[in-house]
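In this note's numbering, the protein residues as written are -6 to 199.
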């Protein structure tokens, strides 16, 4: 695996050197659509900086300023407002290049190499792991952020919870988990999770 990793990194360097004259195109693409995505993400965010219902709260302005100070995408503070439609379009445009080819696999391998046996589940763009407070987990926590390529804690941002209490998986895109808010989250490839199916495919029945 290490040899394959080194070979892939070498090939990636060769590609980057070859594409250097065209780097301006990549920069325009990244800064334009990442700016739109950051602004449209709004401020319903990490409770570390902001409360879920603080649209006009002082803490919300603190979070917006944090994003602006750390994003380097010249965000317009008046446009930092949640817009799911614009965010979806910006994310699709970003995904046209970011995370494609060997680069996505390298990022995933980097994460696996750090976490080792703590990993419970992986997919092409996600990882669920046991946070035991070790240096490895702290290193992964430092990799989280709002910039392109940073990791996102979806338990916080997507489900408004802090951690997973129970987790079970039978393979890729087939898992169920109970969060600390008692909310149940399930995914089962090939099944549309409507109300009827969710009664039959649960954490207890997996």
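For glycine and all other residues, C-beta sits at the position ideal for the given N, C-alpha and C.
C-alpha distance - residue 119 paired with residue 82, whole-angstrom precision: Taking the straight line from one Cα to the other gives about 21 Å.
Coil, strand or helix - residue 136 by DSSP: Of the three classes helix, strand and coil, the one that applies to residue 136 here is coil, per DSSP.
What three-state label does DSSP hand residue 149 in the structure shown? The answer is helix: DSSP assigns residue 149 an H, G or I state.
Could you spell out where the beta strand (DSSP E) holding residue 177 opens and where it closes? Segment 177 to 181, the beta strand (DSSP E) holding residue 177.
In this structure, does DSSP put residue 167 in helix, strand or coil? The three-state reading of DSSP puts residue 167 in strand, counting E and B together.
In the DSSP assignment, the beta strand (DSSP E) including residue 121 goes from what residue to what residue? Unbroken beta strand (DSSP E) run through residue 121: 120 to 122.
Where does residue 42 sit, in a helix, a strand or coil, going by DSSP? In this predicted model, residue 42 has a pLDDT of only 43, less than 50, meaning its place in the structure is not dependable enough to derive any value.
Length of the line joining the Cα atoms of residue 100 and residue 116: Going by the C-alpha atoms only, they are around 12 Å apart.
Closest residue to residue 105 among 34, 85, 133, 164 (Cα-Cα distance): Selected option, being the one with the closest Cα: 133.
Out of 145, 24, 85, 107, point me to the one whose CA is closest to residue 127's CA. Out of 145, 24, 85, 107, 107 has the C-alpha closest to the C-alpha of residue 127.
Assumed close pair residue 137, residue 145 - CB separation to whole angstroms, cut-off 8 Å: The distance from the Cβ of residue 137 to that of residue 145 is about 7 Å, consistent with a contact at the 8 Å cut-off.
Pick out whichever of 165, 148, 124, 71 has its Cα sitting closest to the Cα of residue 255. Because the chain spans -6 through 199 in this model, residue 255 falls outside it and cannot be assessed.
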